[in-house]
Structures are given as structure tokens and as C-alpha cells.
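Colleague: First the structure, which I've put down as C-alpha cells, then a few questions once you've had a look.
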Amino acid sequence: ERTYGVSSWGGGYFKIGENGNIHVVPDQNKSDTKIDFASVLKEINDENVQFPVVVRFHDVLRSQVVSLNEAFNDVIKEANYTGRYNGVYPIKVNQMREVVEEIVDAGAPYDFGLEAGSKPELLAVLAYNTNANSLTILNGYKDEEFIKLALLGRKLGRKVVVVIEKFSELAMLVKISKELDIEPIIGLRSKMRSKGQGRWVGSSGDRAKFGLTISELIKGARYLESQGMGHTLKLLHFHIGSQLPDIRAIKDAVNESARIYAELHKLGFKLEYVDVGGGLGIDYDGSQSTNDSSRNYSLREYVADVVYGLREMCDLEGVPHPNIVSESGRAITAHHSCVITEVVGEIKPEGVDLDTVATENEHVLLKNMRYLHESLSENDNYQEVFNDASRWKEQASQAFSLRVIGMEELGKIETLYWQILRFVHAYYQQADFVPEEMQDLDYALSSQYLCNFSVFQSAVDSWAIGQLLPVAPLTNLHKAPVKNCSLVDITCDSDGKIDRFVVDHVLGKVLPLPELKTDEKCYLGIFLTGAYQDVMGDMHNLFGRLNEVHVFSLEDDPEKFYIEEVIKGTTVEQVLSIMQYHPSAMALDVKKTIDKEVALGKIKPREGVKWTDFYEECLGGYTYLRTEK
Ligand code: PLP
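Position 232 of the sequence shown, counted from 1, bears residue number 256 in full-length UniProt numbering, the numbering being contiguous throughout.
Structure below.
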């Protein structure tokens, strides 16, 4: 448990069961319901679904929607707060239809709404957020079509709020709503002085991309008033960045927004909502700290700071408590899905060992290295051993380039070098003090496990911004892991790797994993991929979307679940078509070429048919490696 920290980052949804397998507790309110990952793996294999696979736990998604809404409702009640909570889910965090449908359904009792930040998202939200009591919040830059679509929503009786991100959008909105004679609901996004923290710090401050300055907020409100539309200004919005690690940033921003809300109120603009945006973080590394990958607060604390922060300022200013909107996406979706990849090979830094028995006329570099190797057990200064070995290895590669030694000698020198390093490493693993340079040996000697997936498709933030995602084997976690490894994917790109892990609560470059066996599959889970990772990935090297299984728990049976749906990942044909190829024409061309070879007698007719079929089968197949069952 300590090694992988499953329950620290698991958010109550992932735990290690008594049999050493990771168990999913899909509903926090029914903690006796557990799904053993070993059974999920078995079912995926039984259904012949090829790995890598995305597993979605829809119950987790529902549970997160309920927890968020219940937390706000509880604190609002406890604080005698007179406004309501009207949360929305920003679909950009995961736009998958099944995810949005599930959130809308689970949120229906709370009038939980949706947020869109682009025209395509708005079109989806208009079709899926049909509850007249829930909000539809529209952020992002807008054109005339966007605004017309928003007004269509108003025509359909929905509470669509157009949030103005830049000043010039206001005049466009006023013009179009007057032309169409449809009254909009308007929100203004404030450019905040309160700074967020972490990776998305750029969402606030003077250089923020979105939002109105204080002068623009005042001017905007007065402009609406001058147009006879002051009463349509209903919402004040802010968002200081996603994954806020420190609660203090949230407190400051709530305080600042409450001041602006109160001032606008006193200027005669009776706003009804304050929208605190997203930012509610996830504890990816389980440290409960202000690390970029963590958060130093709980859901309850976050909610309390929003509710009490607003109440305090409003009471001081003598203005009504506004309804509260939040746009949490990451916190709702991160836990509900994970990627299961299979380890398909091991890349060792030393390659394979050569026979290093002494021969005649050896070069002195090889002799030196062998002598160092032979005297290891008598030595007591292993830092010196390491320095000598490293120097001779470097000299050997220069000597090879200068034609002083041959390939065989270089190979032997390298074999001895790696054996020496392993010895030195083993020594320092037992030592009380490890010099700084020796601490890197762990990484230098670690294997790379080759995993059947693409970082660019399934864990893009880990490549793009160094985001930490928890990785762990799914089964047998009670057995001591034996091998320190980093992970590499199957793309032809050296950036396609994962080498940031939290092990025993410490950030490192390697993860201890089981030894690979020829007769046993080794599956690894990349967790908390439900937010952003699920949808932001790219088809680098033409690796497409993953096969997906949707897992639901069965209510009357605490140990059981069923795979409700299998969604096939992208086929080769589909990725090629996206790149403007014509797969059926390609298949025909290949067939014609094969037929020609058959006519020339270079391929036998039966063999020709087999090759033609094989090409077509691969076109219709999965883009990832096919492994033996
Ligand atoms: N609202 C806005 C305006 C955003 O830009 C974002 C994401 O950055 C979100 C909500 C979602 O934030 P989070 O995923 O941190 O909840």
C-alpha cells in the first residue's frame, strides 16, 4: 500500500483489497460494494476486447456529482446562507456523450447544469441540458452564431447565461438580442487580481487571456443600463485556474469576487449569481500538499470557503447572498476512468552480457576495467570505483571512434561497466549515506517497461506539462515489487515515456514493478485520467482512441458488476481516413499488385489471397499492438 499510495490518491474510490488487488469502491455512500480489478480484467479478456483499454466507472462519476452538490447544500444550510447552489459541469473537461449524459442524469435532482466554451460544445449542451431550472453557462470567445445559438436556448425556455469574456462582445450581444427581440441573461467575467497557483496560474492577473478589468466591468454594466438592459446582468464570473493546490488562492478570489458583486449591487445592478469557476483540485500524488499535483484542502473545506467567504462579505456590505455557481470539471471526472495498458517488453540499459573472459593482446582499457571488476569485493571506496569505471567507459567509446579498439573489446568493456555499476548500486542500497551522484544510479540502472499505449493519446498532460498521474499494477500488490522501472510507450517518439512517479510518498523517476514473466500478463493502470486526458489526446503516429468498457456495479450484489457497454476504439481505416487516405482504394491497389506478382508466378495464388485478406484485416483492426491472449 505504501509503495503506490493507492488510498492516498484514490479519493475513496480505489483501495487495495485483502487479496492484494486494487478494488474499486464505485459509490462512496455504499462502501461495501467493491469491484476487484482482477475480475474486470478477466471480463475484458473474456469479451475479447483488445488492450489498451479505457475503463469507465459510471458509478464513480455519479457519486462525484452527488458529493459536490450535497456538500454545497449541506454547507449552505449550516451557514444559513440564503442563496442556492446552481453548479454546472464544464464539458470541455470530458465531452464524451456518455459522460455528459451520466452527469446530467445524476445531477437532475440538484438542477445541475452544463457549461460550454465553444460553438461545438454549445450545440451539444443545447441538446443535452434540457432542464429548464438548471443553468447553461457560456464561456469562451464568441461570434454572432454563438450568440444566436445562446438566444435560441432562451427561446427554448432555458436559463442560458452568456458570459462576456472581452469587452467588445457586449455590443454584439446587445445588437443581436435586440434584432431578435430575445432577452439574454448576461454574465461578466472578472479578470482577477487574486493569483491562482500551480500549472494554470496564467488564468488570473493582468496578462490573463479572459475577463474584464475593473474599469471594463463598470463600463460594461453602465453600457447595458444605457441600452435599457441593466436588469439582464445577472452573473459575475471568475476562474483563476484549474487544479488550485492552495486553498488560500480560493479564499482570496472568493473575497475579491464578493467585493465586486457587492459594489455592482450598490451601483444598482442586482446580480443574482456569483460563479466561482473551476479550480477544485485533485490529489494526484496523495500528499495533501501545495505541490502542483496535489491540494491542501478537502472538498468540504473548499465548499465552506466559498459559502462562508461570500456570506461574510455580503453581510458586511449589506447585500443579499447570491446564488452560487461553480464549474468543477476535474474534480467530477478525474477518478471515473483509467487506462489499462499491458507491458509488452523490457528495455535494459545494459542490453545483454558478452563473455568477458580474458584473451591475448587486449587493450589496456579492457584490462583496467576487468581488474576493477575482479577487485570489487576488496574495494571499500565505491565512489572511486564508479568514477574510474565511468571514465574508462567514456575513453573506450572515444577509442572505438578513433579505431584504437574494436567492437568486441568495446562490447566487453561495456558489459563489465554495467556489472560494476550494479555491484556499486547494490552496495549503496544498504549504505547509511549515499553520495548525491550515486543517488542517480537507481534511474541509470532501471529498466524501461515498454507498454502498449501512447502517452500522446492517453496521458497527454504527462508529456505536455509534466502532470503526474498515478500508475500502479492492478493485481498482487501485496507481493514486494522487485524492479525499478520507468515506462515507455509504443510511439516512435522518445518523448513517449512516463518517468515521474510517487513511490512511498516521494517523487521519483522510477516505479518498482513486478518482474516480467513469459507466462503471465503484466497489466498496469494509469489512474485519474477521466479529466482532460480522456479527450485531449492526439493521434501521434496514428495511434487512435482506445477501446472502452463501461462498468456498472450491480446494486443487490456487493461484489458484482457488469460491463454495460464496449465502445470500439478507432480502427486503422478510420485514422487513415482522417488523414485523407482512401483505405478501400488502398486495399484495391495492394490487391492489384499482389495479383500481378501471382501472375508472374512470384506468389502462389492461395498465398496471394491470404496476403490480400491480411492487409484488409489490418485496415479494419485496432491501431495498437495485438498481443497474444
Ligand atoms: N471554467 C473555466 C472557465 C475553465 O477555464 C475551466 C478549466 O480550466 C474550468 C471551468 C474547469 O476547471 P476544473 O477542471 O479545474 O474544475
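All residues carry an ideal CB built from backbone N, CA and C; glycine is no exception.
The ligand FAD and Arg-319: does any heavy atom of the ligand fall closer than 7 Å to the residue's C-beta?
Modeller: Inclusion of the ligand FAD in the displayed structure is not the case, the ligand content consisting of the ligand PLP alone.
Colleague: According to DSSP, simplified to helix, strand and coil, what is Asp-412?
Modeller: helix
Colleague: Just reading off the alpha helix (DSSP H) that Tyr-395 is part of, what are its end residues?
Modeller: 388-398
Colleague: Beta strand (DSSP E) containing Pro-497: first to last residue?
Modeller: 495-497
Colleague: What residue does the beta strand (DSSP E) around Gly-211 start on, and which one ends it?
Modeller: 209-213
Colleague: In the structure shown, what three-state DSSP assignment does Arg-86 receive?
Modeller: Judged by DSSP in its simplified three-state form, Arg-86 adopts helix.
Colleague: Between the Cα of Gly-111 and those of Val-330, Val-526, Ser-350, Lys-634, spot the shortest distance and give me the residue it belongs to.
Modeller: Ser-350
Colleague: Taking the beta strand (DSSP E) that Ala-140 falls in, what are its first and last residues?
Modeller: 137-140
Colleague: When you measure from the CB of Pro-459 to every non-hydrogen atom of the ligand PLP, does any distance come out below 7 Å?
Modeller: no
Colleague: Expressed to the nearest angstrom, what Euclidean distance is found between the alpha-carbon atoms of Ala-611 and Ser-91?
Modeller: 52 Å
Colleague: According to DSSP, simplified to helix, strand and coil, what is Arg-80?
Modeller: In the three-state scheme derived from DSSP, where H, G and I count as helix and E and B as strand, Arg-80 is classed as strand.
Colleague: Does Leu-150 come out as helix, strand or coil in the three-state DSSP assignment?
Modeller: Helix, per DSSP.
Colleague: Under DSSP, the alpha helix (DSSP H) around Thr-357 begins and ends at which residues?
Modeller: 354-357
Colleague: Taking Tyr-547 as part of the beta strand (DSSP E), name the residues at either end of that continuous run.
Modeller: 547-550
Colleague: Just mark Ala-382 as buried or exposed, buried being the case when its beta carbon has 16 or more other beta carbons within 10 Å.
Modeller: exposed
Colleague: Just list the alpha helix (DSSP H) runs in the stretch 91-133, keeping only unbroken ones of 4 residues or longer that don't cross its boundaries, in chain order.
Modeller: 121-131
Colleague: Who are Pro-536's beta bridge partners in DSSP?
Modeller: Per DSSP, Asn-508.
Colleague: Just to confirm the assignment, what range does the alpha helix (DSSP H) spanning Val-573 have?
Modeller: Careful: Val-573 lies outside any alpha helix (DSSP H), inside the beta strand (DSSP E) at 571-577.
Colleague: Under the assumption that Leu-288 contacts Ala-245 (Cβ atoms under 8 Å), give the Cβ distance between them as a whole number of angstroms.
Modeller: 6 Å
Colleague: For a test of your reading of the model: does the CB of Val-575 fall under 7 Å from any non-hydrogen atom of the ligand PLP? Yes or no.
Modeller: no
Colleague: Check whether the stretch 571-585 touches the stretch 490-503, counting contact only when three or more Cβ pairs, one atom from each stretch, lie closer than 8 Å.
Modeller: no
Colleague: Can you tell me which of the three DSSP states Val-330 falls into?
Modeller: helix
Colleague: Residue ranges of each beta strand (DSSP E) run of no fewer than 3 residues wholly in the stretch 416-502, ordered along the chain?
Modeller: 471-475, 495-497
Colleague: Locate the alpha helix (DSSP H) running through Asn-347, then write down its first and last residues.
Modeller: Note, Asn-347: premise wrong, no alpha helix (DSSP H); beta strand (DSSP E) at 347-349.
Colleague: Tell me the rounded alpha-carbon separation between Arg-283 and Asn-104.
Modeller: Cα-Cα distance, rounded: 20 Å.
Colleague: I need the DSSP call for Val-526, collapsed to helix, strand or coil.
Modeller: strand
Colleague: May I have the straight-line CA-CA distance separating Ser-281 from Arg-108, to the nearest angstrom?
Modeller: 17 Å
Colleague: Just how far apart, CA to CA, sit Leu-540 and Leu-570?
Modeller: One C-alpha to the other measures close to 24 Å.
Colleague: How is the beta strand (DSSP E) around His-289 delimited, first residue to last?
Modeller: From DSSP, His-289 is part of no beta strand (DSSP E) but of the alpha helix (DSSP H) over 271-290.
Colleague: Tell me which residues pass a beta-carbon proximity test against the ligand PLP: closer than 7 Å to any heavy atom, given in chain order.
Modeller: Pro-114, Lys-116, Val-117, Glu-139, Gly-141, Asn-163, Trp-224, Ser-227, His-263, Gly-265, Ser-266, Gln-267, Gly-301, Gly-302, Gly-303, Leu-304, Glu-351, Ser-352, Gly-353, Arg-354, Ala-355, Ala-555
Colleague: Could you spell out the range, first to last residue, of the alpha helix (DSSP H) harbouring Thr-365?
Modeller: Unbroken run through Thr-365 is the beta strand (DSSP E), 361-371; no alpha helix (DSSP H).
Colleague: Using alpha carbons as the reference points, say which of Pro-76, Gln-74, Glu-125 lies closest to Leu-85.
Modeller: Glu-125
Colleague: Could you check which residue in Pro-538, Ser-470, Glu-169 has the C-alpha nearest to that of Asp-523?
Modeller: Ser-470
Colleague: Going by DSSP, name the residue or residues bridged to Ile-161.
Modeller: BP columns for Ile-161 point to Glu-139, Val-185.
Colleague: Determine whether the beta carbon atoms of Val-368 and Leu-649 lie at a separation below 8 Å.
Modeller: yes
Colleague: Note the first and the last residue of the continuous beta strand (DSSP E) segment covering Asp-299.
Modeller: 297-299
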